[in-house]
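What follows is a short report on a single structure.
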Amino acid sequence: MQRLLAGQQVNAMGLGCMNLSHAYGQPPSEDDGAKVLLAALEAGVTHFDTAALYGFGKNETLLGKVLKSHRDKFFLASKCGMTGVDGKRVIDGRPDTIKQTIEEGLSRLQTEVIDLYYLHRWDKNVPVEDSVGALADLVKAGKIKAIGLSEVSADTLRKAHAVHPIAAVQTEYSLWTRNAEIAMLDTCKELGAAFVAFSPLARGFLGGKMQANMDWVKGDIRAGMPRFQPDALAHNLSLLPPLQAIADELGCTLAQLSLAWVLAQGEHVHAIPGTTSVKHLQDNMQAANIVLSAEQVAKINAAFDDKQVQGPRYPAPTQAEIDTEEFA
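Heads up, the sequence shown is in the numbering used here, so the first residue is 298 and it goes up one at a time.
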């Protein structure tokens, strides 16, 4: 399934590379990470998504080392505006910082140009117009081809788009996180921007393998997320059996059904599930071949009521950092 992203045709199912270096506990070895990246190319992935933040530069370095010789075969997206400074995550959207980050990123990625460069978070201390203006300068300089935004509201997207065309917006979107339906999906369509869904499998929840009392590995960000606390997770897992029944009827896995649902939300929608498993990667890619009818989508929506999900998606301090619309 091919879809348009920043002027290029890519597989609608991309690869989010974060967890090869970051966020979900102990990351795989460099060799194992390389196996996943090369398997992704073989499986038909043409859209790889990374960021300066992931592993505090290690993820970009991994992609550069492994994929340099294949650079003409894939679409490369990365992000700025949120990086690691002295071992801590820092949001900084100042123009000078953005221009420093791109130089570091190009060096780590071993490429002359990045196809799509996102402002990873809007720095609320800096007008978004200023940050996007700096990104527009990078387009003019030939260092990036297109500009994206991550975790912003429709209003912020419009402000940014008035400065320079925004090619894509990336935010969390899945059966249990539907905030994009408030305004962003429609606004992206109106402005001609792609919508890129990260965590389309709900940070592994929709993989069907979780248990209520998960023993999280040290460093796993889910350990501090409200939806993954024992009581909330037990409740949320109780919502899955009707969804699993539909997957069984269609002869696919719960994960494949969930990914197919995301792609069914519009021709401008892309999904970038992440994984450290080659098997899961191959299974995820097969979901792009599942075309759901309107009736099947309606059945899935009826089977899984996102309003019954217990817990916000982020802890309060993290929630305060983002600009995305939220349901009351």
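For each residue, glycine too, the CB sits at the ideal point set by N, CA and C.
Item	Value
With 16 as the cutoff for other CB atoms within 10 Å, does GLU564 come out buried or exposed?	exposed
With DSSP as the reference, identify every bridge partner of PHE492, one or two as the case may be.	VAL466, VAL566
Could you check what DSSP says for MET511 in three-state terms: helix, strand or coil?	coil
In its own chain, which residues sit with a C-beta less than 7 Å from the C-beta of ILE395, not counting the 5 before and 5 after it?	CYS377, GLY378, SER428, ALA431, LEU432
Tell me which residues share the same chain as ALA544 and place their Cβ nearer than 8 Å to its Cβ, disregarding the 5 neighbours each side in the sequence.	THR550, LEU551, GLN553, LEU554
Starting from GLY330, trace the beta strand (DSSP E) both ways and give me its first and last residue.	Taken as a continuous stretch (DSSP letters only), GLY330 belongs to no beta strand (DSSP E), being part of the alpha helix (DSSP H) at 327-340.
Straight-line CA distance for VAL382 to GLY352?	11 Å
Does ILE294 come out as helix, strand or coil in the three-state DSSP assignment?	Outside the displayed range of the chain (298 to 625) lies residue 294, so it cannot be described from this structure.
Which term fits PRO570, buried or exposed, when burial requires 16 or more other beta carbons within 10 angstroms of its beta carbon?	buried
What residue range is occupied by the uninterrupted beta strand (DSSP E) comprising ALA451?	Premise fails: ALA451 lies in the alpha helix (DSSP H), 451-460, not in any beta strand (DSSP E).
Using a Cβ-Cβ cutoff of less than 7 Å, which residues in the same chain neighbour GLU448 once the five nearest sequence positions on both sides are dropped?	ARG418, THR468, ILE619, ASP620, THR621
For GLU339, count the other beta carbons within 10 Å of its own beta carbon; 16 or more makes it buried, fewer makes it exposed. Which is it?	exposed
At the level of alpha carbons, what is the spacing between LEU317 and LEU578?	12 Å
Closer than 8 Å by C-beta to PHE601: which residues in its own chain qualify, once you throw out the five before and the five after it? Chain order, please.	LEU472, TRP473, LEU536, LEU537, PRO539, LEU540
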